[in-house]
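J.: Residue numbers (the UniProt record's numbering): 1 to 146.
1. Less than 8 Å between the CB atoms is what I'm expecting for residue 66 and residue 58, so what's the real figure, rounded?
2. Counting only runs that start and end within the segment 12-57, where is the alpha helix (DSSP H) found for 4 or more residues in a row?
3. Pop quiz: residue 73 and residue 124 are said to be a contact at Cβ under 8 Å. What is the actual Cβ separation, rounded to whole angstroms?
4. Whole-angstrom Cβ separation of residue 122 and residue 91, contact assumed at under 8 Å?
5. Look up residue 118 in the DSSP assignment and say whether it is helix, strand or coil.
6. DSSP beta-bridge partners for residue 103?
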């Protein structure tokens with residue numbers, strides 16, 4: 001009986017486990033690549049804004065450049081009297097300067113006084129959509145739903 005526990009299909013169980021590990025290990029190891037020599041570090045302007053919560057690389061065609069899009073879900077994006085933390089999204093050029101990010105200006109189509117915008121978490125998810133339009137970059141920032 002002990003011989004059947006150490007062999008599967010006539011092969012030693014240890015050999016089959018090693019073959020399975022060799023098959024699955026590259027899938028785990030090839031998941032991500034970080035460059036530790038040329039670090040791009042960006043800093044937000046507002047403390048406790050969760051700047052960098054989500055990040056996406058965006059390719060803009062006119063003018064030709066790359067941008068780092070980052071979300072700050074606890075930042076103040078909509079300028080109001082009570083300084084509501086709606087969340088914000090930033091576009092950062094791909095440079096070594098840490099504080100050259102500009103806040104993306106969103107137009108509010110609804111009245112923030114009558115709608116719930118406090119802790120909206122705009123920028124919790126950031127995505128880039130490639131576009132060859134000359135009207136400018138196309139990207140979106142998502143917020144939590146109530």
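For each residue, glycine too, the CB sits at the ideal point set by N, CA and C. Just so you know, these numbers come straight off a predicted model, no measurement behind them.
T.: In short, the structure shows the following:
1. Taking the first residue of the chain shown as position 1, residue 66 is located at position 66. Taking the first residue of the chain shown as position 1, residue 58 is located at position 58. The Cβ separation is near 7 Å, so the contact holds.
2. 13-29
3. As a working mapping, residue 73 is identified with position 73 in the chain shown. As a working mapping, residue 124 is identified with position 124 in the chain shown. Correct: roughly 5 Å between the Cβ atoms.
4. By one-based count along the chain shown, residue 122 stands at place 122. By one-based count along the chain shown, residue 91 stands at place 91. Residue 122 to residue 91, Cβ: 14 Å. No contact.
5. Position 118 of the chain shown, counted from the start, is the residue given in the question as residue 118. Residue state, collapsed to three classes: coil.
6. Along the chain shown, read from residue 1 onward, the residue named residue 103 stands at position 103. The partner list for residue 103 (beta bridge, DSSP) reads 90.
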